[in-house]
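Engineer: 1 is the number of the first residue of the sequence shown in my numbering; add one for each residue after it. From the three backbone atoms N, C-alpha and C, an ideal C-beta is built for every residue, glycine too.
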Amino acid sequence: MQETGAGPSSSWGELFTGKQAIASLVLSGGIALHAVNTYISATMLPSITADIGGLDYYAWNTSLFILAAIISAAVAGKVLQRIGARQSFFLAGLVFMTGSGLAAIAPNMAIMLLGRSVQGAGGGLIFTFCYSMIAFMYPERLWSRAFALISGTWGITTLFGPAIGGIFAELGVWRAGFGVLVPITILYIIATLSLLPKHRSVHAVPVGQLGLLAGSVLVLSITSVFEEVIWSILGVALSVAMILLLMKREQKASTRLFPKGALAWGSPLFFVFASMALLILCVNTEFFMPFYLQKLFAVFPLWAGYIAATVSIGWASMEVYSARFTDQAMRRVVNVGPVLMALGLITLAVVLPTGTEGNLMLLSVVTLALICIGAGIGIGWPHLGVFALHLTPDDDKENAASALATVQTFAVAFGTALAGLIANSTGFNSTVGTAGIANSAFWLFSSFAVFGILGIFSARKITNWHVSADLKEAETHF
Numbered sequence: 001m002q003e004t005g006a007g008p009s010s011s012w013g014e015l016f017t018g019k020q021a022i023a024s025l026v027l028s029g030g031i032a033l034h035a036v037n038t039y040i041s042a043t044m045l046p047s048i049t050a051d052i053g054g055l056d057y058y059a060w061n062t063s064l065f066i067l068a069a070i071i072s073a074a075v076a077g078k079v080l081q082r083i084g085a086r087q088s089f090f091l092a093g094l095v096f097m098t099g100s101g102l103a104a105i106a107p108n109m110a111i112m113l114l115g116r117s118v119q120g121a122g123g124g125l126i127f128t129f130c131y132s133m134i135a136f137m138y139p140e141r142l143w144s145r146a147f148a149l150i151s152g153t154w155g156i157t158t159l160f161g162p163a164i165g166g167i168f169a170e171l172g173v174w175r176a177g178f179g180v181l182v183p184i185t186i187l188y189i190i191a192t193l194s195l196l197p198k199h200r201s202v203h204a205v206p207v208g209q210l211g212l213l214a215g216s217v218l219v220l221s222i223t224s225v226f227e228e229v230i231w232s233i234l235g236v237a238l239s240v241a242m243i244l245l246l247m248k249r250e251q252k253a254s255t256r257l258f259p260k261g262a263l264a265w266g267s268p269l270f271f272v273f274a275s276m277a278l279l280i281l282c283v284n285t286e287f288f289m290p291f292y293l294q295k296l297f298a299v300f301p302l303w304a305g306y307i308a309a310t311v312s313i314g315w316a317s318m319e320v321y322s323a324r325f326t327d328q329a330m331r332r333v334v335n336v337g338p339v340l341m342a343l344g345l346i347t348l349a350v351v352l353p354t355g356t357e358g359n360l361m362l363l364s365v366v367t368l369a370l371i372c373i374g375a376g377i378g379i380g381w382p383h384l385g386v387f388a389l390h391l392t393p394d395d396d397k398e399n400a401a402s403a404l405a406t407v408q409t410f411a412v413a414f415g416t417a418l419a420g421l422i423a424n425s426t427g428f429n430s431t432v433g434t435a436g437i438a439n440s441a442f443w444l445f446s447s448f449a450v451f452g453i454l455g456i457f458s459a460r461k462i463t464n465w466h467v468s469a470d471l472k473e474a475e476t477h478f
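#1: Could you tell me the alpha carbon to alpha carbon distance between Glu-170 and Thr-310, rounded to whole angstroms?
#2: With C-beta atoms as the reference, is Ala-435 less than 9 angstroms away from Gly-380?
#3: Assign Ile-184 to one of three DSSP states: helix, strand, or coil.
#4: Quick check: Gly-378 and Glu-286, are their CB atoms within less than 9 angstroms of each other?
#5: Would you mind sorting Gln-20 into buried or exposed? The rule is 16 or more other CB atoms within 10 Å of its CB.
#6: Leu-363 by DSSP, collapsed to three states: which one?
#7: What's the C-alpha gap between Gly-152 and Gly-314?
#8: Could you check where the alpha helix (DSSP H) with Lys-461 kicks off and where it finishes?
#9: Tell me which residue opens and which closes the alpha helix (DSSP H) that Thr-98 is part of.
#10: In the DSSP assignment, the alpha helix (DSSP H) including Phe-428 goes from what residue to what residue?
#11: Apart from the five residues on each side of it in sequence, which residues of its chain come closer than 6 angstroms, Cβ to Cβ, to Phe-451?
#12: Trp-143 by DSSP, collapsed to three states: which one?
#13: Name the residue from Ala-316, Gly-420, Leu-340, Asn-464 whose alpha carbon lies nearest to the alpha carbon of Phe-147.
#14: Run the proximity test for Ile-31: is its beta-carbon closer than 8 angstroms to any non-hydrogen atom belonging to the ligand SAH?
#15: Tell me which residue opens and which closes the alpha helix (DSSP H) that Gly-30 is part of.
#16: What are the boundary residues of the alpha helix (DSSP H) that includes Arg-175?
#17: Kindly give me the distance between the Cβ atoms of Trp-154 and Leu-389, rounded to whole angstroms, as I take these residues to be in contact under 8 angstroms.
#18: Given a threshold of 16 other Cβ atoms within 10 Å of its Cβ, counted over all protein chains shown, does Phe-414 qualify as buried or as exposed?
#19: If you draw a straight line from the C-alpha of Ser-117 to the C-alpha of Gly-99, how long is it?
#20: Return the first residue and the last residue of the alpha helix (DSSP H) that Ala-516 is part of.
#21: Put Lys-479 into one of helix, strand or coil per three-state DSSP.
#22: Below 8 angstroms on the Cβ atoms is my guess for Pro-301 versus Thr-43; work out the distance and round it to an integer in Å.
#23: Mind the definition here: the stretch 403–418 touches the stretch 345–354 only if three or more C-beta pairs lie below 8 angstroms; say whether that holds.
#24: Between which two residues does the alpha helix (DSSP H) harbouring Gly-305 extend?
#25: Any idea what DSSP makes of Pro-353, helix, strand or coil?
#26: Check each candidate in Asp-396, Gly-165, Phe-160 and name the one with the smallest Cα separation from Leu-269.
#27: Could you pull out every residue in the same chain whose Cβ sits closer than 7 angstroms to the Cβ of Gly-385, ignoring the five residues on either side in sequence?
#28: With a CB to CB cut of under 6 angstroms and the five nearest residues on each side skipped, what residues in its chain are close to Ser-440?
#29: How long is the line joining the alpha carbons of Ser-41 and Ile-126, rounded to whole angstroms?
#30: Quick check on this structure: which residue in Leu-195, Leu-245, Met-341, Ile-222 has the alpha carbon closest to the alpha carbon of Gln-209?
#31: Here's the rule: buried if 16 or more other CB atoms are within 10 angstroms of the residue's CB, otherwise exposed. What is Thr-107?
#32: Hey, does Ile-230 have any beta-carbon neighbour from chain B nearer than 9 angstroms?
#33: So for Arg-332, helix, strand or coil by DSSP?
#34: In this structure, does DSSP put Thr-62 in helix, strand or coil?
#35: Return the chain-ordered list of same chain residues with a C-beta closer than 7 angstroms to the C-beta of Val-412, the five sequence neighbours on each side being excluded.
#36: Rounded to the nearest angstrom, what separates Gly-165 and Thr-62 at their Cα positions?
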């Protein structure tokens, strides 16, 4: 496998010198803030539901959070163009901070879900702003490493999110887990106001496509509450129909949510975004890991958080390793990712249902499978982002950068909602013994392994490109 730098005269050190250092600080800081908040609730939710109730809406804590993030991510590019970088980050931080405060004082699940939704809206803005600024704050030769930096930051930070949540849960002060985000957000807002440039232009918002995208997730979230299979089938059917309608509308619309060709079946850009979505879709099963570890293996909340977060170890370490590759090697490592993902998910589907208290050997296998899943994302993720930017015309690059965040956010929301639907309909809410919970673990991870297998075929389309430096020429091979 060919190993070369991420670009001519490119090195990791360049990301942390001069103007690039400012960009790296602001962008990685924003990603870290959103990532911690996305995963901090995973290990606190058992304590939260025990305190304020709402177990039936367990998955909604993440589904509504990400649904709000999808909506805000889709309009983030327009906000950035209209009011500039400084004001955009200030607005996002203010919304995020408000949601954190609401979650911290929530007396019941309804207020908690409201707070998580507001948090998601602010986090989605911050997350998308960070992605959107890459093409404008770094030279092209540093794009791969910039993508690896912010995506690796996401991976590393998710290691701390569940762990921090586990600490607050064990201390019995889960509210502080949300409250501590308020002063941290204030510091981040101050930093962005001091460091970011002004940047503005005006474009319309694709309201129709945005509604279909959000609706596809909302339908799954609503039907996931019901345990009857008929509701699951109906929810999936309606959600898929909305996605297909979105694809059709996007190709004809004058104002697009994605860059041109991104949702056109068979185009290179379609398979790049499809590969990204399938990888993120699969990793969303991690959200349920602390619950399964606590219920099936009798693991304490803190340790359940650490074990679940080992996904981040595989993700971040493999991303740093993979960022060195270019040309043919980039496409080869993209092909390896979904294979690792599928293997990890299949292993969890087999091992988790057999869990017993204190079985260290099975816990070791679970940990290795989670690391494998993380490596499946990390090994190809930075290159997929670069492929997307290279395959997009210069006048559409800002839309492409926003679309990268939108796809990732949508995949998280759709995956979490679908996972909640599968889990709830297969015994997740069982209160008698652990047989129902074990059954839900099997169906959840075996079902999501199918997406890993689909990712293998999608990535194969990318690795079949026979191109040199200019990836835009790949369009002639489809």
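Structural biologist: Short version:
#1: Distance from the CA of Glu-170 to the CA of Thr-310, rounded to the nearest whole angstrom, comes to 19 angstroms.
#2: Between Ala-435 and Gly-380, the CB-CB gap reaches or exceeds 9 angstroms.
#3: Here Ile-184 sits in helix by DSSP.
#4: For Gly-378 and Glu-286, no; Cβs fall outside 9 angstroms.
#5: With at least 16 other beta carbons inside 10 angstroms of its own, Gln-20 counts as buried.
#6: Note: Leu-363 maps to helix in three-state DSSP.
#7: Separation of Gly-152 and Gly-314 (C-alpha to C-alpha, rounded to the nearest whole angstrom) is 10 angstroms.
#8: 435–463 is the extent of the alpha helix (DSSP H) around Lys-461.
#9: Where Thr-98 is concerned, the enclosing alpha helix (DSSP H) stretches over 85–105.
#10: Neither: Phe-428 is in no alpha helix (DSSP H) and is coded neither H nor E.
#11: So the qualifying residues of the chain are Leu-278, Leu-281, Cys-282.
#12: Helix at Trp-143.
#13: Cα-wise, what sits closest to Phe-147 is Ala-316.
#14: Absence of the ligand SAH is noted for the structure shown, with no ligands found whatsoever.
#15: For Gly-30, the enclosing alpha helix (DSSP H) stretches over residues 18–52.
#16: Boundaries of the alpha helix (DSSP H) harbouring Arg-175: 174–179, taken from the DSSP string.
#17: The distance from the Cβ of Trp-154 to that of Leu-389 is about 18 angstroms, inconsistent with a contact at the 8 angstroms cut-off.
#18: Burial call: buried.
#19: Roughly 7 angstroms between the two C-alpha positions.
#20: Since the first residue of the chain shown is 1 and the last is 478, residue 516 is not available in this structure.
#21: Past the edges of the chain, shown from 1 to 478, lies residue 479, and the structure says nothing about it.
#22: Contact between Pro-301 and Thr-43 holds, with the beta-carbon distance rounding to 5 angstroms and staying under 8 angstroms.
#23: Counting Cβ pairs under 8 angstroms, fewer than three are found: no touch.
#24: Boundaries of the alpha helix (DSSP H) around Gly-305: 301–308.
#25: Pro-353: helix per DSSP, three-state reduction.
#26: If you compare the alpha carbons of Asp-396, Gly-165, Phe-160 with that of Leu-269, the shortest gap goes to Asp-396.
#27: Excluding residues within five positions, the ones whose Cβ falls inside 7 angstroms are Phe-147, Leu-404.
#28: For Ser-440, where only same-chain residues beyond five positions count, the Cβ hits under 6 angstroms are Ala-423, Thr-426, Gly-427, Phe-428.
#29: Roughly 19 angstroms between the two C-alpha positions.
#30: Gln-209 has its Cα closest to that of Leu-245, out of Leu-195, Leu-245, Met-341, Ile-222.
#31: The amino acid at residue 107 is misidentified as Thr; the sequence shows Pro. Flag for Pro-107 reads exposed.
#32: The displayed structure is made up of one protein chain only, and chain B is not part of it.
#33: Under the three-state reduction of DSSP output, Arg-332 falls in the helix class.
#34: For Thr-62, the secondary structure class from DSSP, reduced to helix, strand or coil, is helix.
#35: Only residues of its own chain outside the window of five on either side were considered, and among them Ile-66, Ile-280, Asn-284 have a CB closer than 7 angstroms to the CB of Val-412, listed in chain order.
#36: One alpha carbon belongs to Gly-165, the other to Thr-62, and they sit about 14 angstroms apart.
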